[in-house]
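A.B. asks: Just passing along the structure, written as structure tokens.
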Amino acid sequence: MTGVRREGSGAGRPAVREEGSDPRRAVAERARRVVRSAPVTQREFAARIGMDPTALSKSLNGSRRLADRELAAIARLGEVSLHYLRTGEGAPPATGNPPPPDGRRRADALDAEARRAQILRETARLIARRGFHRVRVADIARACGTSTGTIHYHFPTKGDALRAALLHYAERLHQRLEDEFRDARGPAEKLRRLIDVQLIADEEDRDEWSVWVQSWNEAILDPALRDGQRDIYARWRRTVLDLVRACQDEGLGTDADAEALTSRFTALADGLAIQVLAGNGEMSVPRMREQLLDAFEPHITLR
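Put into structure tokens, the structure is as follows:
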């Protein structure tokens, strides 16, 4: 039988913690209480903290882990302590707040950090879905409910916007890898999970790859974009290389050139993703996965 421990909440009410419960789901439940107690809709709450509404919804139902920065933003807007969200100790959110007068975004309701996060998210999404050259500053401003001057303040040029969009999706990628690697059993299992993260499984994956491919194209034409693109690619390549070397440390693929194996995999991943994005009927997501698993053969077997 699961034990129950009561702890003072600091607000005159005892907090109940179930020992042995899933900490991640407990955090999600507390975050859900905070969001529902706010005097705005859940969609508006997401906009104010710079999160995609679907990602917030998944996080609140426990199917997606909240990143530290997202948890901090929820605490700040919900006017509770980060310690409360993480542990359940301290004052819970106040309840009974009146509903918002309307669902419109208001520029003065967002602090600078949340506003920039919102602009970054909308910029990345628009570039991914419409194309870099088809997105106007006015489109971004309209999506964010703000002025073009505000957009220019954060991203003076379209090149700045593209760099920011690429960085946005790069951070998303590495956060997902961090989540996947947390309970993986060894480097070979991490390589398998890395491959799964690379697949175009949903709309956000497609957006991520779309911005990545567009950044290549623009870097070919604009040397000013090359340094940022190169740095982000180097970080990604280093992640793969470190995993290959970790496998070798465990006796897997010791006969292989780790650098060459990494280059083969990353080049294959990029090429296959472009085929999937372009709708090449011969390349499906399952086939992409099989070929990426084969990329490490015969040195490291992942099946």
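Just so we're aligned, residue 39 is where the sequence shown starts under the numbering used here, counting upward by one.
C-beta: ideal position from N, C-alpha, C; glycine also.
Small disclaimer: the values here were computed from a predicted structure and weren't measured.
#1: Nearest-angstrom Cα distance between V251 and R163?
#2: Just reading off the alpha helix (DSSP H) that E297 is part of, what are its end residues?
#3: Report all residues from its chain with a CB closer than 6 Å to the CB of Q267; omit the five preceding and five following residues, and keep chain order.
#4: Counting pairs of beta carbons, one from the region 59-76 and one from the region 89-105, are three or more of them closer than 8 Å?
#5: So the alpha helix (DSSP H) N255 belongs to, where does it begin and stop?
#6: Comparing alpha-carbon positions, which option in R71, R159 and A93 lies nearest V118?
#7: Comparing C-alpha positions only, which one of L299, Q156 and W274 sits nearest to C285?
#8: What does the alpha-carbon distance come out to for the pair P138 and Y122?
#9: Let's see if you can read the secondary structure: which residues bound the alpha helix (DSSP H) around G197?
#10: If you follow the alpha helix (DSSP H) that S75 is in, where does it begin and where does it stop?
#11: Tell me whether the region 70-89 and the region 156-171 touch, counting them as touching only if at least three CB pairs, one residue from each stretch, are closer than 8 Å.
#12: For the alpha helix (DSSP H) containing I270, name the first residue and the last one.
#13: Looking at the structure shown, is P336 part of a helix, part of a strand, or coil, going by DSSP?
#14: Residues in its own chain within less than 7 Å of Q313 by CB, not counting five upstream and five downstream?
#15: In chain order, what residues of the same chain lie with their CB nearer than 8 Å to the CB of G291, ignoring the 5 residues before and after it?
#16: Report the option in E82, R223 and A166 whose CA atom is closest to the CA atom of S95.
#17: With a cut-off of 8 Å, do at least 3 Cβ pairs link the region 229-236 to the region 272-282?
#18: Which of the three DSSP states, helix, strand or coil, is assigned to L237?
#19: Indicate the three-state DSSP secondary structure (helix, strand or coil) for D90 in the structure shown.
#20: Could you spell out the range, first to last residue, of the alpha helix (DSSP H) harbouring D293?
#21: For F83, which three-state DSSP category applies?
#22: Helix, strand or coil for L104, going by three-state DSSP, please let me know.
#23: Which two residues bound the contiguous alpha helix (DSSP H) that contains T161?
#24: From V356 to G126, what distance separates their C-alpha atoms?
#25: Starting from A176, trace the alpha helix (DSSP H) in both directions and tell me its first and last residue.
C.D. replies: This is what the structure gives:
#1: 14 Å
#2: A296 to L315
#3: S253 and A257
#4: Flag = yes, the region 59-76 and the region 89-105 touch.
#5: E241 to L259
#6: When C-alpha distances from V118 are compared across R71, R159 and A93, the shortest belongs to R71.
#7: L299
#8: Bear in mind that a pLDDT of 43 at P138, under 50, signals an unreliable position, so the model cannot answer this.
#9: K196 to F219
#10: Counting along the chain, the alpha helix (DSSP H) containing S75 begins and ends at P61 to S75.
#11: Yes, since at least three Cβ pairs between the region 70-89 and the region 156-171 fall closer than 8 Å, the two stretches touch.
#12: R264 to D287
#13: coil
#14: M321
#15: Closer than 8 Å at Cβ, skipping near neighbours: V282, C285, L299, F334, H337 and I338.
#16: E82
#17: yes
#18: coil
#19: coil
#20: Premise fails: D293 is in no alpha helix (DSSP H) and is neither H nor E.
#21: Helix at F83.
#22: Of the three classes helix, strand and coil, the one that applies to L104 here is coil, per DSSP.
#23: A150 to R168
#24: Residue 356 lies beyond the residue range present for the chain, which begins at 39 and ends at 341; the question has no answer from this structure.
#25: V175 to C182
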